[in-house]
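Notes for the one structure printed next.
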Amino acid sequence: MIQDVYTRDEEKYLKVGLWVALAIVLVVFFFITARKSVSHVDGGSYYPLNARFNRTDGLLVGDVVRLAGVDVGKVVDAQLDKDFKAILTLEIKDGIELPDDSSASIVSSGLMGPKYIEIEPGGSMDMLPKGGEFAYTQDAMVLEELLDRIVGIGKANRKKNIQVINDPAQ
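If you're matching positions, the sequence shown starts at 16 in the numbering used here and goes up one per residue.
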């Protein structure tokens, strides 16, 4: 007589574990395939611009630069300056002239998608020169910091509500 190797609970835990492992593999596959960069195979020419950021969490050399949601270049270099700020060198397609009061922001595609640089054109009549630098930049938002802020607000509201319940005179 062959006995069952696993109990029903153990079988349930094994199935749940396999589903979780499959989900993790799919998420990792999604992140690997979602990271794409602009290739320069179109034969066009590009010019460099610099952008200085306090932090670039999750943005990598090779990531996309977009203007109005359209890919217009990519990040080609990242260096630190003497004040420990990140200086990114961006290559922008020739023919795309940007006002000198334009801004560059590090944003992500969705909640946990890949990061890229979004350029917001300014209204100036003067254009950024080749090799110029953006005057306005916005750093990457770190998901952990955002969650910490949300949790902190929730704790503060909860504490306030408990005080009101315990001392209705307030």
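We treat Cβ as the ideally placed atom computed from N, Cα and C, and that holds for glycine.
For residue j and residue i, the rounded distance between their alpha carbons
i, j, result
"residue 46", "residue 75", "14 Å"
"residue 41", "residue 97", "41 Å"
"residue 134", "residue 140", "17 Å"
"residue 67", "residue 122", "15 Å"
"residue 43", "residue 36", "11 Å"
"residue 104", "residue 88", "11 Å"
"residue 85", "residue 72", "22 Å"
"residue 81", "residue 95", "23 Å"
"residue 128", "residue 173", "31 Å"
"residue 136", "residue 119", "9 Å"
"residue 92", "residue 176", "50 Å"
"residue 156", "residue 33", "33 Å"
"residue 163", "residue 60", "43 Å"
"residue 152", "residue 169", "30 Å"
"residue 109", "residue 147", "14 Å"
Bridge-paired residues (DSSP) for residue i
i, result
"residue 14", "The chain is shown from 16 up to 185; residue 14 falls before or after that span and cannot be answered."
"residue 106", "63 and 89"
"residue 101", "68 and 95"
"residue 148", "65"
"residue 142", "114"
Residue burial classification, residue i (beta-carbon count within 10 angstroms, cutoff 16)
i, result
"residue 138", "exposed"
"residue 38", "exposed"
"residue 22", "exposed"
"residue 131", "buried"
"residue 78", "buried"
"residue 54", "Low per-residue confidence applies at residue 54: pLDDT is 49, beneath 50, and the placement is therefore not dependable, though the value from the model is reported in the following sentence. When all chains shown are included, residue 54 counts as exposed."
"residue 26", "exposed"
"residue 171", "exposed"
"residue 107", "buried"
"residue 90", "buried"
Cβ neighbours of residue i in the same chain (closer than 8 Å, five flanking residues each side left out)
i, result
"residue 143", "64, 112, 113, 114, 115, 117 and 149"
"residue 69", "100, 101 and 154"
"residue 125", "none"
"residue 24", "none"
Host beta strand (DSSP E) of residue i (start-end)
i, result
"residue 80", "79 to 82"
"residue 152", "151 to 153"
Close beta carbons around residue i, own chain, < 7 Å, minus the five adjacent residues each side
i, result
"residue 160", "none"
"residue 29", "21"
"residue 52", "Annotation note: pLDDT 45 at residue 52 (below 50); position unreliable, no value reported."
Chain-order list of residues whose beta-carbon lies under 6 Å from that of residue i (same chain, five-residue window excluded)
i, result
"residue 145", "62"
"residue 56", "Confidence at residue 56 is low in this model, with a pLDDT of 47, below 50, so its placement is unreliable and the value that follows should be read with caution. Around residue 56: no qualifying Cβ."
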